[in-house]
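Notes for the one structure printed next.
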Amino acid sequence: MAQMGTVTLVRHGQASFGAADYDQLSELGVRQCEALGEYFAQRGRRFDVVLTGTLKRHGQSLAAMASRLGPLPEGRAVAALNEYDAEGLTRAVAGDGLPVQAPGGDRREHFRLLREGLARWMRGELSVPGMPGWAEFRGGVVRVLEEVRDSGAENVLVVSSGGPIATALAHVLNAPADAVVALNLQLRNSALSELNVTRTRLWLTGYNALPHLDHPQRAGWVSYS
0 MAQMGTVTLV RHGQASFGAA DYDQLSELGV RQCEALGEYF AQRGRRFDVV LTGTLKRHGQ
60 SLAAMASRLG PLPEGRAVAA LNEYDAEGLT RAVAGDGLPV QAPGGDRREH FRLLREGLAR
120 WMRGELSVPG MPGWAEFRGG VVRVLEEVRD SGAENVLVVS SGGPIATALA HVLNAPADAV
180 VALNLQLRNS ALSELNVTRT RLWLTGYNAL PHLDHPQRAG WVSYS
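Following numbering that gives the first Met the number 0, the numbering of the sequence shown begins with 0 at its first residue and continues without gaps.
Here it is in structure tokens:
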């Protein structure tokens, strides 16, 4: 029987929506990831390979987890695990004058614009300067999955963002591009999704779980942005 490994995909902790620099964990985001590190430590989870995107919130999430989990292999930062430009997409739909992530801004309107922008980007109808097209974005994520599959590593930790994680899951499920948007916008901060992997295939075994926040005292720690 082929050796089976596990790929644990973690969405970063809550970032700083509405701040001048979104790409920073909020205080809640740090607590979410510390709790995840505690959860892994309590269950004796160890990882052979660690991959992250190159964004600050990815590295900060990994550091917060490691502060409670203990030493991890040195993480390898991969640009293909970076998020798409959400603000660029929403501005491309709404016009440059809209303060999309301004403090006190309308989150519902932000996510309505984002859904439209994602759909148009995936259809090739919309582009954002400096951001890859959908085919290139998806291709980069798929290549990371193929590298993980071919490596034979037994326990892989991936810390990334909602877009790349949703793209990876849709690829494994052979789901259409529309499913990426649905999977993406349901992903919660610090949530776990899990793949089993052999040298010949990957399949989904868990999606968007928050076992580390499953406590009455942490009921208010669940967030989406």
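Even for Gly, the Cβ is constructed at its ideal location relative to N, Cα and C.
Take residue i and list the residues in its own chain whose beta-carbon comes closer than 6 Å to its own, dropping the five residues that flank it on each side.
{"i": "residue 82", "result": "160 and 162"}
{"i": "residue 121", "result": "133 and 176"}
{"i": "residue 115", "result": "92"}
{"i": "residue 156", "result": "7, 46 and 49"}
{"i": "residue 29", "result": "63"}
{"i": "residue 12", "result": "24, 28, 31, 32, 60, 188 and 189"}
Between the Cα of residue i and those of the options, spot the shortest distance and give me the residue it belongs to.
{"i": "residue 216", "options": "34, 7 and 198", "result": "34"}
{"i": "residue 170", "options": "149, 194, 190 and 150", "result": "194"}
{"i": "residue 73", "options": "84, 7 and 58", "result": "58"}
{"i": "residue 71", "options": "11, 63 and 77", "result": "63"}
{"i": "residue 5", "options": "165, 16 and 144", "result": "144"}
Just the Cα atoms here: how many angstroms apart are residue i and residue j?
{"i": "residue 117", "j": "residue 123", "result": "10 Å"}
{"i": "residue 224", "j": "residue 184", "result": "9 Å"}
{"i": "residue 111", "j": "residue 88", "result": "11 Å"}
{"i": "residue 68", "j": "residue 36", "result": "5 Å"}
{"i": "residue 128", "j": "residue 136", "result": "14 Å"}
{"i": "residue 38", "j": "residue 148", "result": "26 Å"}
{"i": "residue 107", "j": "residue 84", "result": "18 Å"}
{"i": "residue 103", "j": "residue 131", "result": "Note on residue 103: pLDDT 48, under 50, position unreliable in the model; the coordinate value appears next. Taking the straight line from one Cα to the other gives about 30 Å."}
{"i": "residue 53", "j": "residue 222", "result": "22 Å"}
Can you tell me where the beta strand (DSSP E) holding residue i begins and where it ends?
{"i": "residue 192", "result": "191 to 196"}
{"i": "residue 183", "result": "First-last for residue 183: 176 to 185, but that is the alpha helix (DSSP H), not the beta strand (DSSP E)."}
Which residues bound the alpha helix (DSSP H) around residue i?
{"i": "residue 36", "result": "26 to 41"}
{"i": "residue 60", "result": "55 to 68"}
{"i": "residue 150", "result": "133 to 150"}
{"i": "residue 120", "result": "106 to 121"}
Take residue i and list the residues in its own chain whose beta-carbon comes closer than 8 Å to its own, dropping the five residues that flank it on each side.
{"i": "residue 210", "result": "38 and 191"}
Practice item. Would you be able to state if there are at least three C-beta pairs under 8 Å between the region 174 to 191 and the region 141 to 153? Key: Fewer than three Cβ pairs drawn from the region 141 to 153 and the region 174 to 191 lie within less than 8 Å of each other, which leaves the two stretches out of contact.
Review point. Taking three-plus beta-carbon pairs below 8 Å as touching, is the region 40 to 58 in contact with the region 199 to 208?
Key: Not touching, per the Cβ criterion.
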